[in-house]
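Below: one structure, written as structure tokens.
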Amino acid sequence: MTTIDISQIETNDHTKHMNVVYERPQSLTQTHTHYCPGCTHGIAHRILAEALDELGLREDSIVVSPVGCAVFAYNYFNVDGCEAAHGRAPAMATGIKRVMPEKTVVTYQGDGDLASIGAAEILHVAARGEKITTVFINNAIYGMTGGQMAPTTLPGQKTTSSQAGRDTDTTGFPMKMSEILSQTEGAAYIVRRSLHDVNNIRKAKKAIVTALKVQQAGLGFSMVELLSTCPTNWGMTPEESLNWVNDNMVPYFPLGDYKVIDAVKEL
Amino acid sequence: MTRQMMKGNVAIAEAAVRAGVEAYFGYPITPQTELLEHMSTRMIELERVFLQAESEVAAINMVYGAACTGKRVMTSSSSPGISLMQEGMSYIAGSELPCVIIDIMRGGPGLGNILPSQGDYFQITRSAGHGDFRPIVLAPASVQEAIDFTVEAFDLADQYRHMVIVVADGQIGQMMEPATLPPMQPLKTEIPDWALTGAKDRPPNIVTSLFLQAPEAEAYNLKLQDRIKLIYENEQRSTEFATNDAELLVVGYGTAGRIAYSAVEEARQKGLKVGLFRPQSLYPFPDYRLSELASQVQSILVVEMNAGQMVDDVRLAVSGTVPVHFYGRMAGAIPMPDEILMTLEEQYNQIGLKV
Chain S
1 MTTIDISQIE TNDHTKHMNV VYERPQSLTQ THTHYCPGCT HGIAHRILAE
51 ALDELGLRED SIVVSPVGCA VFAYNYFNVD GCEAAHGRAP AMATGIKRVM
101 PEKTVVTYQG DGDLASIGAA EILHVAARGE KITTVFINNA IYGMTGGQMA
151 PTTLPGQKTT SSQAGRDTDT TGFPMKMSEI LSQTEGAAYI VRRSLHDVNN
201 IRKAKKAIVT ALKVQQAGLG FSMVELLSTC PTNWGMTPEE SLNWVNDNMV
251 PYFPLGDYKV IDAVKEL
Chain B
1001 MTRQMMKGNV AIAEAAVRAG VEAYFGYPIT PQTELLEHMS TRMIELERVF
1051 LQAESEVAAI NMVYGAACTG KRVMTSSSSP GISLMQEGMS YIAGSELPCV
1101 IIDIMRGGPG LGNILPSQGD YFQITRSAGH GDFRPIVLAP ASVQEAIDFT
1151 VEAFDLADQY RHMVIVVADG QIGQMMEPAT LPPMQPLKTE IPDWALTGAK
1201 DRPPNIVTSL FLQAPEAEAY NLKLQDRIKL IYENEQRSTE FATNDAELLV
1251 VGYGTAGRIA YSAVEEARQK GLKVGLFRPQ SLYPFPDYRL SELASQVQSI
1301 LVVEMNAGQM VDDVRLAVSG TVPVHFYGRM AGAIPMPDEI LMTLEEQYNQ
1351 IGLKV
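If you read the protein sequences in the order shown, they are chains S and B. When we follow the working numbering, the leftmost residue of the first sequence carries the number 1, and every step to the right adds one. When we follow the working numbering, the leftmost residue of the second sequence carries the number 1001, and every step to the right adds one.
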């Protein structure tokens, strides 16, 4: 039996000769998030932060937080940040970007924020080709207020305000925002990705990098829609939630590139 | 600088340009649209930011965003548009951001009409948005004052890191009269330490009005209230005419104050000891000077282009020391000097004064 005298080992010495393969991005703070276990906001935050790091944008970025579960995002991103009124992040981002066009301005918005109360604001930043980037978290429910029906709630989906399941006869149909926004001429890059497995997370990260490059190049409005989970309000385990995204959300909200102008392909 | 004939709305816009406004966001609404139109050419010409928003809601939130950068920013609207802006105004107040808002009031409630009114005194001084706050409110009575107050508004906004509203009725926005514009000021160069400019060589700056825990939220509110108290102490503004020996005091602001001036002049010619007190700041209301005058006069007549709103502030200021009466016209009806004179004479007789 071999014994190791711990005092003989120089602290951290063993890491010196190793490659760092995983560390906290500079664009994230040390603050613990308030997100529920299994929620994919943490993943979305991480890949956005990694993208900001990789493009060297941390010190030149302003992230606009929404009203909703991500309301405290400004505590988690290690960049300048502000808190928008519900749905108004695109308008607020417009104000920031117009007076500081050299900065990178990102809005981080949920489905209630972006597709319901802020539908006008997001549609018009897209139409104007506002040079901002939006990360759109679509989890088909209002998380922060406790699980009410969202504009993206699936037909038949049970929520606290559609307890018998969403009835499309009285509440209409889910808003397919990527499809809608892709119809505007000002939009340069509109894609939908998902966070339900590693392969899709990688694709999502790549899309966010592209979206930020689109902004840097001044090509127009860019948005990455991310299908996400809400285990708490869906009443599922984290694993069931990931499966539910794959089985139910992906068929209704097909993943893919909805608008990619030619100039984006040259980036 | 030469005096020239100018329309109120255009004069306000040009005054803001010369005060160094760097970004204007607005939405068309009568009777303030000429302001937006002037900005649409001047701001672009000067390579500054002009953007016609998709709504007043968006316009004020663009102002909110742009104000986060510490630059001089503004919007303008009229009554129904201001109703839509109240959400953003509350966030701006709650985030301690400087900005200037021009409100060219029209008749209400609802769609009302596009005629001059002072029906939004409560809206602007009492409820410019949800939560505990008071913007600084300046009320011009002429095109010249509209110019001067607009320039001052930017200085006050920066000085107190506070929202300043210049509130005028449609009459002032629409009429032309001779006025002098200020010289062009250079753009502000210093960037406040709280501004969002990118977290380079410093920890991130956060602009928010969200404080979930009661102790921190109350502490934050107390800080805002301290600033508002300071504003109350230092920024009361008013002007007066023939108050030295006045027995009866007329109080009116904006266009109503200007018409009341004519009535008071006529009353003086008839030998009535009548004076005029015209508030130029509606918040802070000029309580101190008015309460002094209240100890001198026997009665007060408040004249407004509404059903009686500022009259509440007059009553608070005089605190029961003298009777306060009211004469008002509403929703685009403008009081004539002879109507006011007639009311003055009635009051004068009632308190037993003789010419």
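Ideal Cβ placement from N, Cα and C applies to all residues, glycine included. Model, not experiment: these values are computed from the prediction.
Query: Alpha carbon to alpha carbon, how far is S/M1 from S/M18?; Result: Note on S/M1: pLDDT 48, under 50, position unreliable in the model; the coordinate value appears next. C-alpha separation (whole angstroms): 27 Å.
Query: List the endpoints of the continuous alpha helix (DSSP H) containing S/T171.; Result: 168 to 171
Query: Name the residue from S/M223, S/C69, S/D169 whose alpha carbon lies nearest to the alpha carbon of S/Q148.; Result: S/C69
Query: Would you mind stating whether S/T184 and S/V264 have Cβ atoms separated by less than 8 Å?; Result: no
Query: What does the alpha-carbon distance come out to for the pair S/L55 and B/W1194?; Result: 25 Å
Query: Quick check: is the beta carbon of B/I1206 nearer than 8 Å to any beta carbon in chain S?; Result: yes
Query: Should S/A44 and S/I141 be called a contact, given that it needs their Cβ atoms to be closer than 8 Å?; Result: no
Query: For S/N200, which three-state DSSP category applies?; Result: helix
Query: Using C-beta distances below 6 Å, list every residue in its chain close to S/E83, excluding the 5 sequence neighbours before and after it, in chain order.; Result: S65
Query: Here's a check: name, in chain order, each residue in its chain whose Cβ is nearer than 6 Å to the Cβ of S/M92, leaving out the five neighbours to either side.; Result: V64, A84
Query: Looking at the unbroken beta strand (DSSP E) that takes in B/G1275, where does it start and where does it end?; Result: 1274 to 1279
Query: What does the Cβ neighbour count give for S/Y27, buried or exposed, with the cut at 16 atoms within 10 Å?; Result: As written in the sequence, residue 27 of chain S is Ser, which differs from the Tyr given in the question. Buried, by the Cβ-count rule.
Query: Could you give the distance in angstroms between the alpha-carbon of S/T159 and the alpha-carbon of S/R166?; Result: 8 Å
Query: What residues from the region 1204 to 1231 of chain B come within 7 Å of chain S, judged by C-beta to C-beta, listed N to C?; Result: P1204, N1205, I1206, V1207, T1208, S1209, L1210
Query: Going by the CB atoms, is the gap between B/G1308 and B/F1285 shorter than 8 Å?; Result: no
Query: Helix, strand or coil for S/I261? Go by DSSP, reduced to three states.; Result: coil
Query: Taking the continuous beta strand (DSSP E) assigned at B/I1124, which residues delimit it?; Result: Segment 1121 to 1125 is the alpha helix (DSSP H) holding B/I1124; no beta strand (DSSP E) there.
Query: I'd like to know if S/N78 contacts chain B, where contact means its C-beta is closer than 8 Å to some C-beta of that chain.; Result: yes
Query: According to the neighbour-count rule (16 or more other Cβ atoms, all chains shown, within 10 Å of its Cβ), is B/V1017 buried or exposed?; Result: buried
Query: In the DSSP assignment, what are the bridge partners of S/R193?; Result: S/L226
Query: Going by CA-CA distance only, name the one from B/V1324, B/P1186, B/P1337, B/S1040 that's closest to B/A1260.; Result: B/P1337
Query: Listed from N- to C-terminal order along the chain, which residues in the region 1012 to 1027 of chain B have their beta-carbon within a distance smaller than 8 Å of any beta-carbon of chain S?; Result: E1022, A1023, F1025
Query: What are the start and end residues of the beta strand (DSSP E) that includes B/F1241?; Result: 1238 to 1241
Query: For a quick check, are the C-beta atoms of S/H86 and S/I117 less than 8 Å apart?; Result: yes
Query: Does the region 1042 to 1051 of chain B come into contact with the region 69 to 80 of chain S, if we say contact requires no fewer than three beta-carbon pairs (one atom in each stretch) closer than 8 Å?; Result: no
Query: Whole-angstrom Cβ separation of S/S194 and S/A207, contact assumed at under 8 Å?; Result: With a Cβ gap of about 11 Å, S/S194 and S/A207 do not count as contacting.
Query: Which residues, taken in chain order from the region 1051 to 1073 of chain B, show a beta carbon closer than 9 Å to some beta carbon of chain S?; Result: L1051, A1053, E1054, S1055, V1057, A1058, A1059, I1060, N1061, M1062, V1063, Y1064, G1065, A1066, A1067, C1068, T1069, K1071, V1073
Query: Give a yes or no on contact between the region 1070 to 1077 of chain B and the region 1099 to 1109 of chain B, applying the rule of three or more CB pairs nearer than 8 Å.; Result: yes
Query: Looking at the strands, I want to know which residues DSSP matches up with B/M1327.; Result: For clarity, residue 1327 of chain B is Tyr in the given sequence; the question names Met instead. B/Y1327 is bridged to B/V1303.
Query: Taking 6 Å as the limit between beta carbons, can you name the residues of its chain near B/T1150, skipping five residues before and five after?; Result: I1012, A1015, A1016, V1166
Query: Got a sec: is the Cβ-Cβ distance from B/L1196 to anything in chain S below 8 Å?; Result: yes
Query: Consider the C-beta atom of B/A1157 and the heavy atoms of the ligand NAD; say whether any pair is separated by less than 7 Å.; Result: This structure lacks the ligand NAD, and indeed carries no ligand of any kind.
Query: In chain S, what lies closer than 7 Å to B/L1327 by C-beta?; Result: A quick correction: the sequence has Tyr, not Leu, at residue 1327 of chain B. None at all; the shortest Cβ gap to chain S is about 40 Å.
Query: Is the Cβ-Cβ distance between B/A1141 and B/G1257 less than 8 Å?; Result: yes
Query: Verify whether the separation of the beta carbon atoms of B/V984 and B/A1153 is less than 8 Å.; Result: Any property of residue 984 of chain B remains undetermined from this structure, which presents chain B solely from 1001 to 1355.
Query: Since S/G165 meets chain B, which of its residues come closer than 9 Å, beta carbon to beta carbon?; Result: Going along chain B, no residue has its Cβ under 9 Å from S/G165, so there is no contact; the nearest lies around 33 Å.
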